[in-house]
Amino acid sequence: MVDVETARTLCLSLPEANEYDHFDKPAYRVKKKIFATLWLDDQRAVLKLSKAEQPELCEAYPTSVFPVKGAWGKLGWTYVDLSKVTETALKKLLMVAWTNVAPKMLIKKSKKKK
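Under the numbering used here, think of the first position of the sequence shown as 420, with each following residue one higher.
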């Protein structure tokens with residue numbers, strides 16, 4: 420289980436990530452592109468995955484990762500149940516989502532720091 424504050428901290432720990440309000444929900448962006456939002460009342464995150472990554476990660480984390488219903492889900496937007504996901508899994512999922520929207524130069528720069 421990951422609480423909302425931990426999820427927020429993990430989002431903001433990614434290179435150049437910033438928090439903004441997005442339809443009354445905290446959204447996390449890199450260079451003005453959203454990679455995650457937190458749905459505080461529902462104890463879940465919504466992440467931007469690719470269409471290819473979404474089914475793989477839903478299968479890898481079947482109790483905590485689900486496609487968003489409708490058109491947004493078909494675009495790769497994916498729910499993560501914070502009450503069921505581990506912190507380690509959420510870190511991995513957030514990195515995937517961040518990588519999907521971050522500029523290539525920033526991704527390259529962040530890999531060099533590791």
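In this text, a Cβ means the ideal position worked out from N, Cα and C, and glycines have one as well. Here the structure is a predicted model, which is why all the values come from computation and not from measurement.
C-beta contact flag for residue i and residue j at 9 Å
| i | j | result |
| --- | --- | --- |
| alanine 449 | alanine 508 | It should be pointed out that residue 449 corresponds to valine in this sequence rather than to alanine. Their beta carbons are not under 9 Å apart, which means valine 449 does not touch alanine 508 by this criterion. |
| valine 487 | leucine 459 | no |
| leucine 525 | phenylalanine 454 | no |
| aspartate 386 | serine 483 | An answer regarding residue 386 cannot be provided, because it is not within the stretch 420 to 533 covered by the chain. |
| glycine 489 | lysine 470 | no |
Residue i: first and last residue of the uninterrupted alpha helix (DSSP H) it sits in
| i | result |
| --- | --- |
| proline 451 | At residue 451 the sequence reads lysine, which differs from the proline that was named. Element bounds for lysine 451: n/a, residue is neither H nor E. |
| valine 504 | Segment: none, valine 504 is in no alpha helix (DSSP H) and carries neither H nor E. |
| glycine 492 | 490–493 |
Whole-angstrom distance between residue j and residue i, CA atom to CA atom
| i | j | result |
| --- | --- | --- |
| glutamate 475 | leucine 431 | 25 Å |
Helix, strand or coil at residue i according to DSSP, with G and I counted as helix
| i | result |
| --- | --- |
| valine 484 | strand |
| proline 522 | coil |
| aspartate 422 | coil |
| leucine 429 | helix |
| leucine 457 | strand |
| valine 515 | helix |
| lysine 530 | helix |
Limits of the beta strand (DSSP E) - the one that residue i falls within
| i | result |
| --- | --- |
| tryptophan 471 | Residue identity differs from the one stated: residue 471 is alanine in this sequence, not tryptophan. Note, alanine 471: premise wrong, no beta strand (DSSP E); not H, not E. |
| glutamate 438 | 436–441 |
| leucine 466 | 463–467 |
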